[in-house]
Amino acid sequence: MEHVLIDTNVLSYIFKNDTRSSSYLPYLSSDKLLAVSFQTVAELYLWAEKQSWSNPKINELQNLLQKFIIVLYDNKLAHIWAGIVATRERIGTPISCADAWVASCALRHSATLITHNRKDFENIPKLKVISH
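So for the sequence shown, the UniProt record's numbering puts the first residue at 1; every next one is plus one.
This is the structure in structure tokens:
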């Protein structure tokens with residue numbers, strides 16, 4: 001079974017019924033193991049806090065998140081994250097902390113990363129990325 005990890009931007013498009021989500025929906029089929037990073041979950045809850053979402057809207061988000069496996073932190077993940085950050089700094093293309101966590105979660109579980117921001121994940125060896 002193919003593993004896919006959904007980036008924050010794609011999951012937010014799905015949540016908001018944004019037209020940009022349509023090109024990513026085929027990658028969310030039932031024959032795939034669907035996951036999101038703990039970082040994505042944190043970012044979505046941050047948006048909810050900043051925008052003072054109502055309880056029904058937070059419940060809607062929680063219902064969406066239940067459809068995904070949430071990739072949690074472990075020591076191997078931290079080691080992968082450190083390697084990504086160090087490599088990108090070494091080659092002069094720093095990566096944000098959040099994007100490094102998302103990429104490391106995908107690599108940790110040999111998942112294809114589904115993102116709308118391919119550029120954020122360039123120059124990460126062995127990372128498979130799909131972007132439209």
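Beta carbons: idealized from backbone N, C-alpha and C, even for Gly. For clarity, every value in this text was computed on a predicted model and none was experimentally measured.
Test item: CB-CB of residue i and residue j under 7 Å
| i | j | result |
| --- | --- | --- |
| R20 | Y13 | yes |
| I84 | T112 | no |
Closest Cα partner of residue i within the set the options
| i | options | result |
| --- | --- | --- |
| L64 | F15, W81, Y24 | F15 |
| C97 | L33, W81, N9, A111 | W81 |
| Q62 | K76, L11, L127, W101 | L11 |
| V41 | S52, A78, Q66 | Q66 |
| L77 | A103, L5, E43, H3 | A103 |
| K32 | H3, I58, S23, E43 | H3 |
| S23 | T115, I124, W101 | T115 |
| M1 | D7, S29, E60 | S29 |
Checklist entry - How about the stretch 37–53 and the stretch 71–82: do they share at least three Cβ pairs that are nearer than 8 Å? => result yes
Item to check | Unbroken stretches of the alpha helix (DSSP H), 4 residues or longer, contained in the UniProt domain "PIN" (4–126) | outcome: Qualifying alpha helix (DSSP H) stretches, in chain order: 8–15, 38–50, 55–65, 75–90, 97–108.
Next on the checklist: Would you call the stretch 106–116 in contact with the stretch 88–98, where contact means no fewer than 3 C-beta pairs closer than 8 Å?
Outcome noted: no
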